[in-house]
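Last residue of the sequence shown: number 1071 in UniProt numbering, and the count goes up by one each step with no gaps. Using N, Cα and C, we set each Cβ at its ideal position, and we do this for glycine too. All figures in this text were calculated on a predicted structure; none of them were measured in a lab. Quick notes on the structure that follows.
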Amino acid sequence: LMDLINKMPAQRLAKQKMMTVRDIVHSQLFLDSDCRSVLLPAILVRIRELLEAQDEVELCVKILSDIMDLLFVAPPGSTIRDITEVMLTVLRTVIQSTIAMDRESPLVGSLVAVMISVFRQMTAFHFDTYIRHFATPTDLLDFLMEILLVFKDLVSRPVYPMDWSEMIMLQNSVILKSLRFFSHTIRDFFFTKFEHQAWNNFFHCAIAFLTQPALQLDSFSANKRWRIVSRYKDMRRETGFEIRSMWFNLGQHKIQFVPSVVGSFLEMTLIPETELRRATIPIFFDMMQCEFYSARDPYTETKRDAANIRANFSEFENEMIAKLDNLVEAGRGDEHYKDLFCEIMMNLCENHSTLKEQGVRFVKVVTRLMERLLEYRSIITDDNKENRMSCTVNLLDFYSEINRKEMYIRYVNKLCDLHLDCDNFTEAAFTLRLHSKLLNWSDNLLPPLLRSHKYPLCQTHRQLKEALYVDMINYFDKGKMWECALSVCKELMKQYEEEIYDYGQLSELLRKMATFYDSIMKHLRPNPEYFRVAYYGRGFPAFLQNKVFIYRGKGFERLSDFSSRLLNQLPNAELMTKLTPPSEDIMESPHQYVQINHVEPVMDDRKKRLSGKPISDPILRYHQVNDVQKFRFSRPFHRSEEGGEDNEFGSLWIERTVLVTSYPLPGILRWFPVTAADTFQISPLRNAIETMEATNKELRQLIVAHRHDPTLPINPLSLKLNGIVDAAVMGGINNYEKAFFGEDYLRRHPEDAALIQRLQDLIAEQIPLLEVGIRLHGERAPPSLLPLQQRLETCFQDMRGHVEAKYGKKTCDLKLEPVTLRRQLSTATTIVVDSNRLSGTSFGSSEGSSSRVSSLTKAQVVNLKSFVGFSSTGTLTRPSQAQGSPNKKDKKRRTTRRSSSKLSDRESVASSQWYTSPEPTIETTSLIVQTTTTPTPTPVFELTQELTPTRPLRSEMEKEKRLSRPASGQFAFNNQRLTAVNGSSRDSIGTTDSTNSEEDNTPPPLPVKLREADYCNLPDDSPVSPSPPTTTPHTPVRPKPPPPEPTDRVLPPTPPPKRPHIKPPLSMPLV
């Protein structure tokens, strides 16, 4: 049979030959050991040839599988020679075919099974025989590299499905058996002539085998774990012991593997198996010793020169911290490992005279790091991103403390991404600032430790720092923290202007800064509120247990909204309803208790100087609630005094608590832990003084705010004034008088005399503020609040009389000044306004072109009229200074106009004006605007413009009625023309009102014609000079000719409709 197979040509009938071989293997002849010894070598040679040629691989693998099955069931001892033949002939070929075969091939599983079957049936004799058959150490080394790589690949990328548990465990048992033999081979053949690659491959292969998921018994059910251990034992422990043995057999070559294998060994020690951990953790101490006693110069012998040793293990420490961070975050390690590591390593370090100090410090650092990493891992998958942020900041602080820049930057980027996911743009900007502080303004190349994956194109310090600053500015802008953005812009501006001279970027940056300044003054920003949150009980994570934090609210978020949001994240927590300190039982209970209350930010001493200066309200509000690190809250309680009267205000004490956070808010978080707390008590008298000071300050701020911005809503001012002057519920200052101003209190507390005087002064200082506030309220309030205004005035008169009689009269620096008209003319001009005919006015240029000038609103004109008044002599006067007594019609008309304009006067936001410095006011009987130039004779301007009507004509009767009326008064001008702000000369055209007869038909609709004069075109800057009452002569004006007619009939145009219930004004006769 063999001759038949061997004598056939090698390249022909390969499939038929192999089918014949398969039939021979399945025959009874192959079961006989003597026959098999003749057939097997020839069959294996043919199979090897085909596998190397990659021809008929499927048939070859099938035949090998059948052979190994027959050998496995053969009687023990009868297959030693056969296994040797298989091992020496086809094992290396099978290994190489496995390496070359694609993992997606359907034959890979069968080929691996053949290889595993060969190793399974190999005994110690076979391993020794196979190792010694290699002609040279290089051939042996090549084989070891191949087989170790194959084993590592099989456990890292299994060829069998995960549910093939039996097959996988059989494979692992065979690999472990082989690794034991190969470890002895490496020690015997590659230690004297040291081969680093062989030892290194063994360590990585063994650790990959030990850490594979299929061997992690803790992830299996109890039944499956029992079956695996009973059949195969815990292969992780056995592998760990083999690795430990190999490490301590390295001798002086250990330093070659430090720190390269630190991560792999750490991964091995993190396996949750106590015996394995106890056996392998001491390896780290041995690594520390190896590096500590290693030579600084590798060519120097440390035994001869002890001063040349490194005396540190910094490389090992850096690698240990970096790998520990990655592995714990990936799910490795637990509290037991942390405690066991600390126990074993601390004991070894303390018993070593040289390594004691550095070793103990290292163990403490690693222990603290594991604590924070385990906290971070426990909440990394939690939906509560705030807890993830807290743990990230804990790690940031730790890495900053031990100066691990690469890890620090890694968690800075993680924290920034978390903030951006939550739209915390301000906090994201502050987080990027941490990275920028590690950089400088230079063109030096970035070291690998300072690089960021977010900015891969930045190669120098300057490029990365500038990119970070640009993102910070954008984030501060989105968070409406324009002041912080400006501080970053100023630093960047200095670089553009003085260092790199990039004026293009500087121009763009300055424009952006201008928009930030505008936004500060014009855009509305909510003032964030701050809240104290205390977590009591052991039910919280370790970083929250029995700790107090200050939180910064979001936008318009108030206490109720904040509490609801926080409690939604803590479904098992119980809200405490009182601010009293918790008992020891609550703090040590396994439950969760939360205490939430509002706190007030306290400006530091550096910023308190801003409150006394005339600073705009948006700027002051920003500094009051930002960049603050100190907060306070108060808890009222009553304490009765012996011998004192039973008065609620006299027994009201305040327990004031001042809290200091670890960092100012806002910062890299929206909350920070409280690092210091001071609690003290405030007496009722001092509490009254604080209350009065706060009330006066708030009232002053409201008055100043309305002074600068008349458009503010009046309701806050109304509530504040009503609460002070008409304190029907709380009783007002009467409670203070009863509690503190009596002789009995002064007798019992003589040391409070100065405080009593201070309280009295504050009460007296409140009166002038109330006076200004009530006057301002009266001018700004709408008609619906007139009853309230009357009530305020009545109560204030009673209150002022009472306070001034008892505590004296005080003044304040806030004054309500009269309206000041500030106008500017380019030339000397005198304008006399006819009060009887106030109408919209058009000014035409000397070239004949005309332009329409926008008029004052009706409410503004009415306010001006109510301020200066109108006389019947054609001049604008104050009512108190009008000369002569007006006739009944004029008086009645003015009364009607005042009553009709009362509503507009109340609704107008310009009824009175505030100015910080006094301005000259109009005190004359006529509105005369003069400049310092000498007046000249007034020329006569003839009005020659013709109007062509296009609406229906009046009847003859209507025309006669109209022409029979007296002519209206005209404006008188001096010799100079009015010059507008832009310098163009304009003529004035006066228009008149007329009435409709009862017989008029309804004319087509016309644009609404205003009754009031147009004051908009008066310039704004020239001072108004008061002058004594004068009589202005009227220049004769030629009557205006009638307009041309579209038809043969001469009819005037239809006048605008008459306003109801207003009599036609009297006209000035022509002089």
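Pair within 8 angstroms by beta-carbon distance, C812 and D726: Judged by their CB atoms, C812 and D726 are not nearer to each other than the 8 angstroms cut-off.
Stretch-stretch touch, CB-based, cutoff 8 angstroms, three pairs: the region 40-47 with the region 78-91: Short answer: they touch.
Among N597, S589, P571, the one whose alpha carbon lies nearest that of K578: When only C-alpha atoms are compared, the closest one is N597.
F119 and V159 closer than 8 angstroms at C-beta: No, the Cβ-Cβ distance between F119 and V159 is not below 8 angstroms.
Pairwise C-alpha distance: F189 and F202: Computed Cα separation, rounded: 14 angstroms.
Where T515 falls, given that 16 or more other Cβ within 10 Å makes a residue buried: Burial call: exposed.
Opposing strand residues paired with P681 [DSSP bridges]: Here residue 681 turns out to be Gln, not Pro, going by the sequence shown. Q681 pairs with E655.
Three-state secondary structure assigned by DSSP to E267: Assignment of E267 by DSSP, reduced to helix, strand and coil, places it in the helix class.
Touch test, the region 65-78 against the region 96-104, Cβ-Cβ under 8 angstroms, three pairs minimum: Not touching, per the Cβ criterion.
Strand pairing of N597, partner residues [DSSP]: BP columns for N597 point to R532.
Separation of E273 from D163, as counted between CA atoms: The C-alpha of E273 is placed about 24 angstroms away from the C-alpha of D163.
Cβ pair I586, Y536 closer than 8 angstroms: By the CB criterion at 8 angstroms, I586 and Y536 fall inside the cutoff.
8 angstroms CB neighbourhood of E56 in its chain, flanking five on each side removed: So the qualifying residues of the chain are A14, K15, M18, L50.
Helix, strand or coil at E56 according to DSSP, with G and I counted as helix: It is coil, neither helix nor strand.
Three or more C-beta pairs below 8 angstroms linking the region 769-778 and the region 705-720: Short answer: they touch.
As assigned by DSSP and simplified to three states, the class of R552: Of the three classes helix, strand and coil, the one that applies to R552 here is strand, per DSSP.
D128 versus E317 - alpha carbon distance: The alpha-carbon of D128 is positioned some 41 angstroms away from that of E317.
Distance between beta carbons of E52 and T93, contact taken as under 8 angstroms: Between E52 and T93 the Cβ distance is about 6 angstroms, and since that is below 8 angstroms, they are a contact.
Meets three-Cβ-pair contact criterion under 8 angstroms: the region 198-216 and the region 233-241: Judged by pairs of C-beta atoms under 8 angstroms, the region 198-216 touches the region 233-241, as three or more such pairs exist.
Runs of alpha helix (DSSP H) wholly within the region 435-471 (minimum 4 residues, chain order): Within the region 435-471, no run of alpha helix (DSSP H) at least 4 residues long lies entirely inside it.
Neighbourhood of N424 by C-beta distance below 7 angstroms, restricted to the same chain and skipping five residues each side: Within the same chain, N424 has close Cβ partners R670.
Straight-line Cα distance separating V599 from S560: For the pair S560 and V599, the Cα-to-Cα distance works out to about 14 angstroms.
For P213, the three-state DSSP class (helix, strand or coil): Shown here, P213 sits in a helix according to DSSP, grouped into three states.
Sheet register partners of P541 (DSSP bridge): None; P541 has no bridge partner.
Cβ-based neighbour list, Y496, same chain, cut-off 8 angstroms, excluding 5 preceding and 5 following: Excluding sequence neighbours, Y496 sits near D502, Y503, Q505, L506, L509.
Same chain, Cβ closer than 8 angstroms to G667, five either side skipped, listed in chain order: Here G667 has E427, F430 as same chain residues with Cβ atoms under 8 angstroms from its own Cβ, once five neighbours each way along the sequence are excluded.
Exposure of T1030, with buried meaning 16 or more beta-carbon neighbours within 10 Å: Confidence at T1030 is low in this model, with a pLDDT of 39, below 50, so its placement is unreliable and the value that follows should be read with caution. It is exposed - the Cβ of T1030 has fewer than 16 other Cβ atoms within 10 Å.
N- and C-terminal bounds of the alpha helix (DSSP H) containing A222: It spans 222-232 - the alpha helix (DSSP H) in which A222 sits, taken as one unbroken run.
Terminal residues of the alpha helix (DSSP H) in which S245 lies: Element bounds for S245: 235-248.
Buried versus exposed, by CB contacts within 10 Å (16 or more), K892: Any answer about K892 is weak, because its pLDDT of 41 lies below 50 and its placement is not dependable; what the coordinates show is given next. K892 should be labelled exposed.
Whole-angstrom distance between H184 and A124, CA atom to CA atom: Roughly 11 angstroms separates the two Cα atoms.
For K738, the three-state DSSP class (helix, strand or coil): Three-state DSSP puts K738 in a helix.
Spatial distance of R511 from K810 (CA atoms): Taking the CA atoms as reference points, R511 sits about 48 angstroms from K810.
Beta-carbon proximity of S378 to I409, cut-off 8 angstroms: Going by C-beta atoms, S378 is not nearer than 8 angstroms to I409.
Boundaries (first-last residue) of the beta strand (DSSP E) holding S634: Start and end: 628-638.
Buried versus exposed call for R157 [16 or more other C-beta atoms within 10 Å across all chains shown]: Exposed is the label assigned to R157, since fewer than 16 other Cβ atoms lie within 10 Å of its Cβ.
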